[in-house]
Structures are given as structure tokens and as C-alpha cells.
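Each residue of the sequence shown is one higher than the one before, starting from 43 at the first, in our numbering. Note that CB positions come from ideal geometry on N, CA and C, so glycine has one too. Quick notes on the structure that follows.
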Amino acid sequence: QRQMCIRDSLSFLIYVAVTGLSLPGAAVLTLGLGWLLGFSKGLIVVSFASTTGATLAFLFSRFLLRETVMGKFGDRLKTFNDALEREGPFYLFTLRLIPVVPFFVINLVMGLTPIRTTTYWWVSQLGMIPATAVYVYAGSTFPSLSAIAENGVGGILKPQLIVAFALLGLFPFIVKKGLALTRRKAKA
């Protein structure tokens, strides 16, 4: 029991460090933690660790880079910042749902904006859950090393794993269609 608690805490801290320092490998780490912790625990650990790390990167950007960037590009960023004050949470939510823009870029750029830290945290938490769930699920469906040793490489391709990887591939398209539908309904 104690070893599991230490493992889970260490997993959380490593994930926070990777995302907070904008190091590459968060997707692989998410798959690995899904495999190691299982779906439910992996989803909780990765979800809160990724948001905590993203918020740390956001704060680093805000307190270390904002003054310099605003001093050089403040006039050009005014329109962007004004738009963010009006629709910042929805804009951030959309960016979090569509994994086209790397998360570390979102963390750093949003730190330069006037969005409140609490708003940034909860919108990021909600916006990252769907993709996190898909990645953790994919990792949790990967067989254990002992199962691979018993069944060989052929034991890897289980229906759940195929579904998980299909979801990973289709997720951006599903989100894009969903957002387009939402925008059409909002305009109507």
C-alpha cells in the first residue's frame, strides 16, 4: 500500500516536472502511466499533474517573460489581449481540445495574456480531460510484460488496444466537428 502511494506520488511529481518545464515526452508519459496505474488512477494522476505543470509553465511565462514581451510587442498584442478578455476561457478551452498546437506553446503564450490564473487552471483542467482520457485508456489497454512474454508479440493486439489507438487518431476530427457544430448553434 505504501509503495503504491510512493509510486503514485512520484508519478505525479515527474509529470508535473515534465509539463512544468515544457520538456518533450508528455504523451509517452501519459501512455506509460495509463499502463502502470490503470485507467481510473492514471486519469486522476495525469489530469491533475498535467494541469498543475501547465499552470506552473503559465506562471513562469507570466513572471519571467511577460514584461519583456509586452515591452517589445505590446501594441501588436493589444487586439489579441482584448479578444482574450472577452472570450478567453472559450478560446483556451478550444485550444486545449484540439491538439494541433503543442501544449507547451499554449502554456507559454497564455502566460503573456491577462487571463486569470484560476480561470486558466480550471479551463485547462476541463479542456485537457478528453484527450487525457483517450491517452490514458490507450496506455491502460497495453498488456503487461508478463502477458507479452507468455503470448508473444501477437498478444499485444487486443481489441481494446485497437479501439484506443483508433480513438487517438479520430479524436482531433471528432473535436473539430463538435466545435464547428457548437459555433453554428451559437450563431443561429
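Residues in its own chain within less than 7 Å of residue i by CB, not counting five upstream and five downstream?
| i | result |
| --- | --- |
| ILE164 | Reading the sequence as shown, one finds Trp at residue 164 and not Ile. Result list for TRP164: empty, nothing under 7 Å. |
| MET152 | PHE100, LEU134 and TYR162 |
Could you check what DSSP says for residue i in three-state terms: helix, strand or coil?
| i | result |
| --- | --- |
| PHE145 | helix |
| ALA208 | helix |
| LYS83 | helix |
| SER186 | coil |
| SER64 | coil |
| THR159 | helix |
| GLN43 | coil |
| ILE48 | helix |
| LYS200 | coil |
| ALA96 | helix |
| LEU107 | coil |
| LEU101 | helix |
| GLY113 | helix |
Buried or exposed for residue i, please, with buried defined as at least 16 other CB atoms from any protein chain shown within 10 angstroms of its CB.
| i | result |
| --- | --- |
| MET46 | exposed |
| PHE146 | buried |
| ALA180 | buried |
| VAL143 | exposed |
| THR61 | buried |
| VAL22 | The first residue shown for the chain is 43 and the last is 230, placing residue 22 beyond what the model contains. |
| LEU63 | exposed |
| THR155 | buried |
| ALA222 | exposed |
Short of 8 Å in beta carbon distance, which residues of its chain neighbour residue i, apart from the five on each side in sequence? Order them along the chain.
| i | result |
| --- | --- |
| ILE177 | The question names Ile, yet the displayed sequence has Tyr at residue 177. Excluding sequence neighbours, TYR177 sits near ALA69, THR72, LEU73, GLY76, VAL88 and LEU210. |
| LYS231 | Given a span of 43 to 230 for the chain in the structure shown, any question on residue 231 remains unanswerable. |
| GLN167 | SER89, PHE90 and THR93 |
| SER53 | LEU75, LEU78, LEU79, VAL87 and ALA91 |
Between which residues of its own chain and residue i is the CB-CB distance below 6 Å, once the five residues before and five after are set aside?
| i | result |
| --- | --- |
| ASN149 | ALA96, ALA99 and PHE100 |
Since residue i and residue j should fall inside the 8 Å C-beta cutoff, what is the C-beta to C-beta distance between them, to a whole number of angstroms?
| i | j | result |
| --- | --- | --- |
| ARG138 | GLY169 | 3 Å |
| MET112 | LEU106 | 12 Å between Cβ atoms; not a contact. |
Express the C-alpha separation of residue j and residue i in angstroms, rounding to a whole number.
| i | j | result |
| --- | --- | --- |
| ALA175 | PHE81 | 8 Å |
| LEU85 | ALA173 | 10 Å |
| PRO131 | LEU65 | 25 Å |
| VAL217 | LYS227 | 15 Å |
| ASN123 | ARG104 | 14 Å |
| ALA208 | ARG225 | 26 Å |
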